[in-house]
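For the sequence shown, this note's numbering begins at 258 and goes up steadily by one. Glycine is no exception: its CB is placed at the ideal position from the N, C-alpha and C atoms. These numbers come from a predicted model, not from an experiment.
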Amino acid sequence: MIGQSARALQIARRPSELLMPLTAIACATALAFATPAAAQLQPGKNAPFSFADLVEQVKPSVVSINVSSGGRSTVRNRAPNNRAPNNRRGGRTPFPDLSPDHPLNEFFRNLPGRGAQGDRRRRAPRRAAQGSGFVISEDGFVVTNNHVIDKAQNISVSFGPKETYEAKLVGTDPRTDLALLKIESDKKFKPVKFASEIGRVGDWVVAVGNPFGLGGTVTVGILSAVNRDIGSGPYDFIQIDAAVNRGNSGGPTFNLQGEVVGVNTAIYSPSGGNVGIAFAVPAATAQQVIEELKTSGSVKRGWLGVRIQNIDKDIAASLGLADANGALINEVTGGGPAEKAGLQAGDAIVKVNGDDIADSRDLARKIAEYAPDTSVDILVRRGARDQTIKVKLGTFPGAQQASNAPAPKPEEPASPTTVKALGLELRTLRAPERGVERGVVVVEVADDSDASRKGLVAGDIITQVNSKQVTRPSDVRTAVADARKLGRPAVLLTVQSARGRRLVAVQFK
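Right, here's the structure in full:
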């Protein structure tokens, strides 16, 4: 995340990968006669000579957000690199790339959060975060990121150095990293509104925020991509290349109509600074969440109570599915809605209330759209047949995990058994291991087997094959034979390993 105190995501980028200067767009007019594509970049709606009018319109609605934890502490005003040489005033060089006598040294020394006395001790509020936000109503509702105000005791918003107000927290939604504040003032503020459409990739966007404490900073770029999965829950993000840095968290990204198309949330960066890859919560998602926060202070989502994974081609083949679509249940939460309804690990969820499921993220989104206590029909592929199971959803995050009841110890064979079709040598589980009571232990994996390519190793425990419990190596052989009778080229193994529980489709040799 990109709050002042948050850790930036990491990705490599070469210095040579620079964006085209904005002034180069002016050349489009001169080249308009050359190609039809160039003619589309005429000054005006698509390529303005200046964004000043737009900035003048939206900037009064953007705020800087400062958060403190209450109380005060002694802090040391120190450069990021403690090994930097001292400057002429006795402090440390704020940025190690600058020499002590560089003319910009004085500027960087006096950035917000840096005292003029270099390394000298001073008294300052203990800050939890510093970020950005924007006003969405005349009475002072402000949108920002959850990670900006997380664990805050005191929150203030600033429209400039001489206009600061205290704000109270209305509600948060960690799942989308959004928060709603209310300015404690009777003054009427200038709001902005969310865009009804994100726009097209390549459209201009303008970001306004408080990077590194420099409030009111404006940067310009384009909408780089939509529907980005950044590994932060089931919701998609938009990607922009406008310069976004720490402190821009919670700030708005505008289109040329002055409407908010996204709420800046995360960046990729090797150093915490801008490299031209930033992510924002789309306007449609943000607007829906904010309305719920305004009404109830929280967002209530349906909860199924399962751990799921995507279905690849091998898993689809092992289940007899025509396409690699749907979500595979990896684990069922004890006492959760799925367990109560009879869903099992190894079930492949292919439809919810008649809607096809594309993958695990699609399932998570669809379930979250339903209100708690809603009953839904879930079509699953279990073994060789499909069946519909009605589930009454709970409230996310729902029920707590419960331990499985111990099962009887299975009979132990005299020696390991080889299952040639899978390239595995197996033995019965002698005693509970890794929380598993029943199953077969992998003794050896053939190097030329698909099991080896899928990462199975000696010591892994197989508990189910095609959703059927196995307690002896002979159970695995039987499951393989049954799959071959159905014309399937693989079986689905439920494996408990050092990496946790997972489902692996293994092709026959």
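Nearest-angstrom beta carbon gap, residue j and residue i [assumed within contact, 8 Å]
i: residue 476; j: residue 402; result: That pair is no contact at about 17 Å.
i: residue 320; j: residue 398; result: Not a contact, Cβ separation roughly 11 Å.
i: residue 681; j: residue 698; result: At roughly 10 Å, the Cβ-Cβ gap does not stay under 8 Å, so residue 681 and residue 698 are not in contact.
i: residue 315; j: residue 414; result: In fact, because the Cβ distance is near 16 Å, the residues do not count as touching under 8 Å.
i: residue 743; j: residue 641; result: 6 Å
i: residue 593; j: residue 508; result: Between residue 508 and residue 593 the Cβ distance is about 38 Å, and since that is not below 8 Å, they are no contact.
i: residue 532; j: residue 563; result: The pair is not a contact, with the Cβ atoms about 37 Å apart (cut-off 8 Å).
i: residue 404; j: residue 318; result: 22 Å between Cβ atoms; not a contact.
Residue from the options whose Cα sits closest to the Cα of residue i
i: residue 577; options: 759, 755, 589 and 723; result: 723
i: residue 701; options: 550, 642 and 716; result: 716
i: residue 602; options: 608, 505, 591 and 612; result: 591
i: residue 692; options: 487, 579, 613 and 757; result: 757
i: residue 560; options: 474, 585 and 648; result: 648
i: residue 387; options: 406, 556, 651 and 627; result: 406
i: residue 558; options: 566, 463, 316 and 491; result: 491
i: residue 597; options: 573, 632 and 627; result: 632
i: residue 498; options: 569, 504, 419 and 525; result: 525
i: residue 411; options: 441, 396 and 420; result: 441
i: residue 420; options: 446, 400 and 575; result: 446
i: residue 695; options: 727, 544 and 305; result: 727
i: residue 629; options: 609, 650 and 595; result: 650
i: residue 452; options: 620, 506 and 545; result: 545
i: residue 548; options: 739, 400 and 706; result: 400
i: residue 305; options: 478, 423, 422 and 505; result: 478
i: residue 625; options: 572, 396, 443 and 432; result: 432
i: residue 595; options: 652, 611, 619 and 543; result: 652
i: residue 309; options: 474, 444 and 424; result: 474
Opening and closing residue of the beta strand (DSSP E) in which residue i lies
i: residue 426; result: 420-430
i: residue 701; result: 697-702
i: residue 236; result: One cannot answer for residue 236 here, as it falls past the ends of the chain, which runs 258 to 766.
i: residue 494; result: 494-497
i: residue 565; result: 563-567
i: residue 415; result: 411-417
i: residue 682; result: 681-685
i: residue 688; result: No beta strand (DSSP E) holds residue 688; DSSP gives it neither H nor E.
i: residue 436; result: 435-440
i: residue 752; result: 747-754
i: residue 714; result: First-last for residue 714: undefined, no H or E at that position.
i: residue 466; result: 461-466
Beta-carbon contacts of residue i that lie in its chain and below 6 Å, excluding the five residues immediately before and after
i: residue 513; result: 461
i: residue 730; result: 674, 683 and 697
i: residue 534; result: 525
i: residue 370; result: Unreliable placement is indicated for residue 370, whose pLDDT of 49 sits below 50; the coordinate value is still reported in the next sentence. For residue 370, where only same-chain residues beyond five positions count, the Cβ hits under 6 Å are 470.
i: residue 394; result: 448
i: residue 740; result: 748
i: residue 623; result: 609
i: residue 424; result: 412, 414, 438 and 440
Sequence-distant residues of the same chain with beta carbon closer than 7 Å to residue i, five excluded per side
i: residue 754; result: 717
i: residue 487; result: 494, 523 and 536
i: residue 599; result: 646
i: residue 530; result: 502
i: residue 711; result: 761 and 763
i: residue 515; result: 311, 314, 315 and 449
i: residue 617; result: 565, 566, 567 and 584
i: residue 777; result: As shown, the chain starts at 258 and ends at 766. That puts residue 777 outside it, with no answer to give.
i: residue 725; result: 736
i: residue 690; result: 718
i: residue 570; result: 581
i: residue 746; result: 574, 764 and 765
Contacts around residue i, its chain only, beta-carbon distance under 8 Å, and the 5 residues preceding and following it disregarded
i: residue 455; result: 480, 483, 495, 518, 519, 539, 540 and 541
i: residue 737; result: 676, 678, 679, 722, 748 and 765
i: residue 752; result: 713, 717, 718, 719, 720, 758, 759, 760 and 761
i: residue 550; result: 427, 428, 429, 430, 435, 436, 437 and 556
i: residue 607; result: 578, 582, 583, 613, 614, 636, 637, 638 and 643
i: residue 553; result: 428
i: residue 511; result: 311, 315, 449, 462, 463, 464, 465, 517 and 518
i: residue 485; result: 493, 494, 495, 496 and 536
Limits of the alpha helix (DSSP H) - the one that residue i falls within
i: residue 406; result: 403-406
i: residue 710; result: 707-710
i: residue 572; result: 570-576
i: residue 761; result: Where residue 761 is concerned, there is no enclosing alpha helix (DSSP H), although the beta strand (DSSP E) it sits in stretches over 757-764.
i: residue 742; result: 730-742
i: residue 313; result: 309-315
3-residue-minimum beta strand (DSSP E) runs that sit fully inside the stretch 586-656, ordered along the chain
Segments of the beta strand (DSSP E) lying fully in the stretch 586-656: 605-609, 632-639 and 642-649.
Runs of beta strand (DSSP E) wholly within the stretch 509-543 (minimum 3 residues, chain order):
509-511, 517-524 and 535-539
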